[in-house]
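Please read the structure below before turning to the comments.
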């Protein structure tokens with residue numbers, strides 16, 4: 002039994018082998034002639050496709066636990082609210098009213114924000130300088146509790162004195178992380194008990210458990226956190242869940258971004274009103290007409306199936322589940338060498354499979370498509386530069402042969418160039 006089968010944490014990112022626990026379970030079940038149950042309120046597109054192609058059988062649960070009613074959903078347009086002065090920091094006046102109403106009735110609130118720390122970035126008001134990590138190609142986040150600028154990729158930290166090291170101007174936080182939202186919530190609701198649950202507060206597992214227990218017992222009125230608060234918790238007093246700056250969930254450079262956002266928001270919506278009372282789900286966004294939000298709010302027409310739309314989009318661009326995707330990741334501390342080696346390897350792939358490399362996906366009739374090499378969004382982590390080559394293999398009778406040929410081509414390249422330890426093969430990447 003694989004519960005929450007859609008969850009990307011089933012994928013092992015490192016070290017090798019980079020397997021997916023869900024897919025491994027399917028293979029094991031087949032080897033041992035066993036039954037496999039994949040459970041999820043928001044199944045992955047791959048699993049839905051397997052049901053449509055009769056590879057899997059679908060069993061649908063039509064009632065919620067305790068016969069709970071679905072939450073009412075409200076989409077708040079933050080752009081429009083700002084124009085009419087309906088915002089107080091990152092909280093809309095509508096959300097503030099909903100929280101006060103929930104607290105007055107004895108209910109609890111969970112607020113989701115996809116970024117931890119106090120502020121995702123800081124910037125000089127004078128010259129516009131944004132401090133960046135010296136080891137990674139990312140901006141430094143501001144942690145107010147520690148009064149430090151921190152890199153969430155390599156762990157680099159430096160003291161924050163509020164002075165720009167380029168012009169001497171004043172540096173100020175920009176944007177809202179969970180820490181800053183917690184601070185604002187305490188000011189807005191001084192009589193409420195407010196807590197935060199993210200990777201900063203949960204470094205100590207006993208602290209994480211205590212926060213969850215206190216919320217379950219009603220000792221905490223408002224809980225603010227990152228995606229971990231959207232997991233399968235069952236809190237009987239939880240009547241309102243809200244997402245602040247929801248667009249950051251959608252704004253990922255990932256072909257699965259809309260699918261992941263839909264799953265996360267659906268899962269989060271399911272956390273409230275899990276007993277006799279009906280809960281409420283509020284989304285603050287500057288894109289209220291986005292198909293994901295209109296689907297959640299039930300504004301789409303009966304013929305407008307968001308899942309089928311996402312599958313059709315995947316089919317057009319020949320993305321999984323309509324192909325097998327393999328991501329070739331190259332890492333090197335030498336920028337010149339990584340660019341040279343990544344282009345050389347891509348050229349060899351093209352010769353091996355008698356195709357040309359492309360920036361965009363080629364036509365879907367080709368047995369293999371090669372995109373790249375290209376730098377990912379974050380192209381340097383812990384002083385190592387990163388390049389990607391994306392391989393799309395057609396699901397035909399030659400799939401096994403093409404995978405073996407690809408593997409042997411990489412092995413021969415590593416041997417010929419003495420380039421061992423730099424190339425990672427990630428089959429079925431999660432982004």
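Numbering (the numbering used here), first residue to last: 2 to 432.
Every residue, glycine too, gets a C-beta built ideally from N, C-alpha and C.
{"Asked": "For residue 125, name the three-state secondary structure that DSSP assigns.", "Found": "strand"}
{"Asked": "Per DSSP, residue 425 is paired with what?", "Found": "330"}
{"Asked": "Name the DSSP beta bridge partners of residue 244, please?", "Found": "113 and 284"}
{"Asked": "Which one of 206, 200, 353 and 381 has the shortest CA to CA distance from residue 406?", "Found": "353"}
{"Asked": "Which residue's Cα is closest to the Cα of residue 326: 256, 120, 111 and 53?", "Found": "256"}
{"Asked": "Measuring straight from C-alpha to C-alpha, what distance separates residue 161 and residue 86?", "Found": "32 Å"}
{"Asked": "As a quick exercise: from 109, 305, 410 and 330, pick the residue whose alpha carbon is nearest that of residue 17.", "Found": "330"}
{"Asked": "Thinking just about the alpha-carbon of each residue, which of 142, 166, 313 and 35 is nearest to the one in residue 129?", "Found": "166"}
{"Asked": "If you count every other CB in all the chains shown that lies within 10 Å of the CB of residue 309, and 16 or more means buried, which is it?", "Found": "exposed"}
{"Asked": "Go to residue 386, then tell me how far its beta strand (DSSP E) extends in each direction, as first and last residue.", "Found": "385-394"}
{"Asked": "Take the Cβ of residue 62 as the centre, count every other Cβ of all protein chains shown within 10 Å, and call the residue buried at 16 or more, exposed below.", "Found": "exposed"}
{"Asked": "On the three-pair Cβ rule with 8 Å, is the stretch 109-127 touching the stretch 181-200?", "Found": "yes"}
{"Asked": "Give a yes or no on whether the C-beta atoms belonging to residue 125 and residue 131 are separated by under 9 Å.", "Found": "yes"}
{"Asked": "Quick check: the Cα distance between residue 313 and residue 378, rounded to an integer number of angstroms?", "Found": "26 Å"}
{"Asked": "List the residues that DSSP assigns as beta-bridge partners of residue 139.", "Found": "DSSP output for residue 139 lists no bridge partner at all."}
{"Asked": "Rounded to whole angstroms, what is the Cα-Cα separation between residue 318 and residue 400?", "Found": "19 Å"}
{"Asked": "Which ranges does the alpha helix (DSSP H) cover as unbroken runs of at least 4 residues, wholly within the stretch 306-350, from first to last along the chain?", "Found": "307-317"}
{"Asked": "Less than 9 Å between the beta carbons of residue 210 and residue 224, yes or no?", "Found": "no"}
{"Asked": "Here's the rule I'm using: 16 or more other beta-carbon atoms within 10 Å means buried, otherwise exposed. How should residue 59 be labelled?", "Found": "exposed"}
{"Asked": "Name the two residues that bound the continuous alpha helix (DSSP H) containing residue 401.", "Found": "400-418"}
{"Asked": "With a CB to CB cut of under 8 Å and the five nearest residues on each side skipped, what residues in its chain are close to residue 383?", "Found": "136, 137, 154 and 155"}
{"Asked": "Would you list the one or two residues that DSSP bridges to residue 4?", "Found": "40"}
{"Asked": "Would you call the CB atoms of residue 244 and residue 283 closer than 9 Å?", "Found": "yes"}
{"Asked": "Assuming contact is defined by CB atoms lying nearer than 9 Å, are residue 268 and residue 232 in contact in what I supplied?", "Found": "yes"}
{"Asked": "What does the Cβ neighbour count give for residue 40, buried or exposed, with the cut at 16 atoms within 10 Å?", "Found": "exposed"}
{"Asked": "Grouping DSSP H, G and I as helix and E and B as strand, with all else coil, what is residue 193?", "Found": "coil"}
{"Asked": "Measure the C-alpha to C-alpha separation of residue 148 and residue 174 and round it to an integer number of angstroms.", "Found": "12 Å"}
{"Asked": "Exposed or buried, what is residue 134 when buried is set at 16 or more other beta-carbons lying within 10 Å of its beta-carbon?", "Found": "buried"}
{"Asked": "Which residue's Cα is closest to the Cα of residue 355: 141, 371 and 103?", "Found": "371"}
{"Asked": "Measuring CB to CB, does residue 369 end up less than 9 Å from residue 403?", "Found": "yes"}
{"Asked": "Rounded to whole angstroms, what is the Cα-Cα separation between residue 428 and residue 168?", "Found": "47 Å"}
{"Asked": "Bridge partners for residue 151 per DSSP, in chain order?", "Found": "142 and 158"}
{"Asked": "Rounded to a whole number of angstroms, what is the C-alpha to C-alpha distance between residue 273 and residue 285?", "Found": "17 Å"}
{"Asked": "With DSSP collapsed to three states, give me the class of residue 12.", "Found": "strand"}
{"Asked": "Assuming residue 6 contacts residue 45 (C-beta within less than 8 Å), just tell me the rounded distance between them.", "Found": "7 Å"}
{"Asked": "Considering only DSSP beta bridges, list what residue 174 is partnered with.", "Found": "123"}
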